[in-house]
Each structure stands twice: as C-alpha cells, then as structure tokens.
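In the working numbering, the protein residues as written are 2 to 58.
Ideal Cβ placement from N, Cα and C applies to all residues, glycine included.
Notes for the one structure printed next.
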C-alpha cells in the first residue's frame, strides 16, 4: 500500500516543482495533497476495520 502512496507523492512533488507560476504551484500543492490524503484513507480502510475489530475483542 505504501509504495502506491510514495509513487503518488513523488509525482505530486514533481508537479509542484515544475509548476509555471507560484499560484499554480500552490493550487497543485493543495489539490494534490488532498488527493493523496484521500488515496491513503481509501487504501487504509481494511486496516482500520481490522484494528477496530481487534480492539473490540
């Protein structure tokens, strides 16, 4: 799971670094960061369910 997250983060950082203007760089930073957080949340759902079930036992 983390390799996908690191790959997305690498692409995101390269997009921010090559943005043609500061405003576009900030927009890519915010939107890309939100997308990476969403990907992490979705990919970690099975783990959260397992941890919650283990806590209840």
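Looking at residue 36 and residue 5, is the spacing between their C-beta atoms short of 8 Å?
No, Cβ-Cβ distance for residue 5 and residue 36 is not below 8 Å.
Mind checking whether residue 17 and residue 30 have CB atoms under 8 Å apart?
Result yes, Cβ atoms of residue 17 and residue 30 sit closer than 8 Å.
Once DSSP output is grouped into helix, strand and coil, what is the label at residue 21?
DSSP, reduced to helix, strand and coil, places residue 21 outside both helices and strands of the structure shown, so it counts as coil.
Once DSSP output is grouped into helix, strand and coil, what is the label at residue 2?
Correct three-state label for residue 2: coil.
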